[in-house]
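Student:
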Amino acid sequence: MIKTAISGASGKMGKMLIEAIMNHPEFELVAALDHAGSSSIGQDAVAFLGKESNVKITADTACIKVSGAQVLIDFTRPEGTVGYLKVCGEDKIAMVIGTTGFSAEQKNLIDETAKVIPIAFAPNMSTGVNVTFKLLAEAAKLMPDYDCEIVEMHHNRKVDAPSGTAVEMGRVIAEARGQKLEDVAEWTRHGHTGPRVKGSIGFAVLRGGDVVGDHRVIFAGKGERIEIAHLSASREGYAQGALKAAAFLIGKHNGLYNMADVLGLKDN
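Per my numbering, the very first residue in the sequence shown carries number -12; after that it's consecutive.
1) Contact between the region 83 to 97 and the region 185 to 203: three or more CB pairs below 8 Å?
2) Is the beta carbon of Ile188 less than 8 Å from the beta carbon of Ile160?
3) Would you report the Cα separation of Asn241 and Glu211, rounded to the nearest angstrom?
4) Tell me whether Arg183 is buried or exposed, calling it buried when 16 or more other Cβ atoms sit within 10 Å of its Cβ.
5) Just to confirm the assignment, what range does the alpha helix (DSSP H) spanning Arg144 have?
6) From Gly157 to Ile137, what does the alpha carbon distance come to, in whole angstroms?
7) Terminal residues of the continuous alpha helix (DSSP H) containing Ile(-7)?
8) Provide the residue span of the beta strand (DSSP E) that contains Gly24, from first to last.
9) What are the complete beta strand (DSSP E) segments, minimum 3 residues, inside the region 1 to 73?
10) If we ignore side chains and look at the alpha-carbon of each, how far apart do Glu155 and Leu129 end up?
11) Taking only three categories from DSSP, how would you classify Phe206?
12) Got a sec, what are the start and stop residues for the beta strand (DSSP E) Phe235 sits in?
13) Are there three or more Cβ pairs, one per stretch, closer than 8 Å when the region 87 to 99 is compared with the region 141 to 156?
14) Are three or more beta carbon pairs between the region 160 to 173 and the region 232 to 239 nearer than 8 Å?
15) What's the C-alpha gap between Arg259 and Met140?
16) Comparing alpha-carbon positions, which option in Ser25, Lys209 and Ala229 lies nearest His11?
17) Where do the N-terminal and C-terminal ends of the beta strand (DSSP E) with Met82 fall, by residue?
18) Do you know how far the Cα of Val33 is from the Cα of Glu6?
19) Pull the bridge partners of Pro105 from the DSSP assignment, please.
20) Hey, how far is the Cα of Ile80 from the Cα of Val58?
21) If you drop the 5 nearest sequence neighbours on each side, which residues of the same chain put their C-beta closer than 7 Å to that of Ala101?
22) So what does DSSP say about Ala(-4), is it helix, strand or coil?
23) Pairing CB atoms from the region 19 to 30 with CB atoms from the region 40 to 52, are three or more of them under 8 Å?
24) Measure the alpha-carbon distance for Lys253 versus Thr114 and round it to whole angstroms.
25) With respect to the beta strand (DSSP E) encompassing Leu193, which residues constitute its N-terminal and C-terminal limits?
26) If contacts are defined as beta-carbon pairs under 8 Å, then Ala109 and Asn245 qualify, I think. What distance do you get, rounded to the angstrom?
27) Measuring only the C-alpha atoms, how far is Asp134 from Glu173?
28) If you draw a straight line from the alpha carbon of Glu223 to that of Met3, how long is it in whole angstroms?
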């Protein structure tokens, strides 16, 4: 059994992860964490499923080591993840990080921590999304002169924009074309922008309702458009991908991995 700790246990993604663990024969929930101000502190971690366990939601990060957790799965916010990185780095506990919106400094901290523990870090843990990344790379290589636009939509409570997945899509496309995303990204357009810059990658962000995550990439050429899209109907795909990532890390001592590593999608 893979002894697993979950942070953000009372959030939508945290609950989805806990449910996935409870239904998986190879995983065991041993710790559940949330921020100190959460009303869920002290509650049974699986109460929302109408069940009971020996795991209570706590804000005390010491429980990660005490519980014997082999891996922590973190889908919270950057400031929360930074705290968990410190704890897991000191206690030599693997991490799966699905949080997005990190600063360059925070990403550097992930890189440094991965020198002492194994970390799977990806803007999207879904198998389908990661297959989409591979398709986008191929499309970008085959259509280098086509204009590329990325449109994403999420629920009205999402705090970062564009989504980490959309940014990663842009990065994949740019790298496939021998570019750096920061050199070609058009993050916003407003007012008199002039003609589209050749070779740029445009982003459009939509927010509303309870949309889990829609991503659509448009390659526009003369007389035609090719669209590659991934639409998420629930968070279940993210949870299942996170469990695959957690299992992948078991037995590894350190290193920074992504979902292409986990799913074997990297080119030989």
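We treat Cβ as the ideally placed atom computed from N, Cα and C, and that holds for glycine.
Tutor: On the basis of the supplied data:
1) No: fewer than three Cβ pairs fall under 8 Å.
2) Ile188 places its beta carbon less than 8 Å from that of Ile160.
3) As the crow flies, the alpha-carbon of Asn241 is around 46 Å from that of Glu211.
4) Exposed is the call here.
5) Following the DSSP letters along the chain, one finds Arg144 in no alpha helix (DSSP H), marked with neither H nor E.
6) So the two alpha carbons sit approximately 7 Å from each other.
7) First-last for Ile(-7): Ile(-11) to Ile(-7), but that is the beta strand (DSSP E), not the alpha helix (DSSP H).
8) Run containing Gly24: none; DSSP gives neither H nor E here.
9) Taking only runs of at least 3 residues, the beta strand (DSSP E) segments lying wholly in the region 1 to 73 are 14 to 20 and 58 to 61.
10) For Glu155 and Leu129, the distance between alpha carbons rounds to 19 Å.
11) Reduced to three states, the DSSP call for Phe206 is strand.
12) Segment Glu223 to Leu236 is the alpha helix (DSSP H) holding Phe235; no beta strand (DSSP E) there.
13) The region 87 to 99 is in contact with the region 141 to 156.
14) Short answer: they don't touch.
15) Because the chain here runs from -12 to 255, residue 259 falls outside it and cannot be looked at.
16) The option with the nearest alpha carbon to His11 is Ala229.
17) Met82 -> beta strand (DSSP E) spans Ala81 to Ile84.
18) In this structure, the alpha-carbon of Glu6 lies about 8 Å from that of Val33.
19) DSSP output for Pro105 lists Gly242 as bridge partner(s).
20) Roughly 6 Å separates the two Cα atoms.
21) Here the set comprises Asn241, Gly242 and Leu243.
22) Three-state result, Ala(-4): coil.
23) Judged by Cβ distances under 8 Å, the region 19 to 30 makes contact with the region 40 to 52, as three or more pairs qualify.
24) Rounded to the nearest whole angstrom, the CA to CA distance from Lys253 to Thr114 is 13 Å.
25) Counting along the chain, the beta strand (DSSP E) containing Leu193 begins and ends at Ile188 to Arg194.
26) Confirmed, Cβ separation roughly 5 Å.
27) In a straight line, the C-alpha of Asp134 is about 12 Å away from that of Glu173.
28) A straight-line Cα-Cα distance of about 7 Å links Glu223 and Met3.
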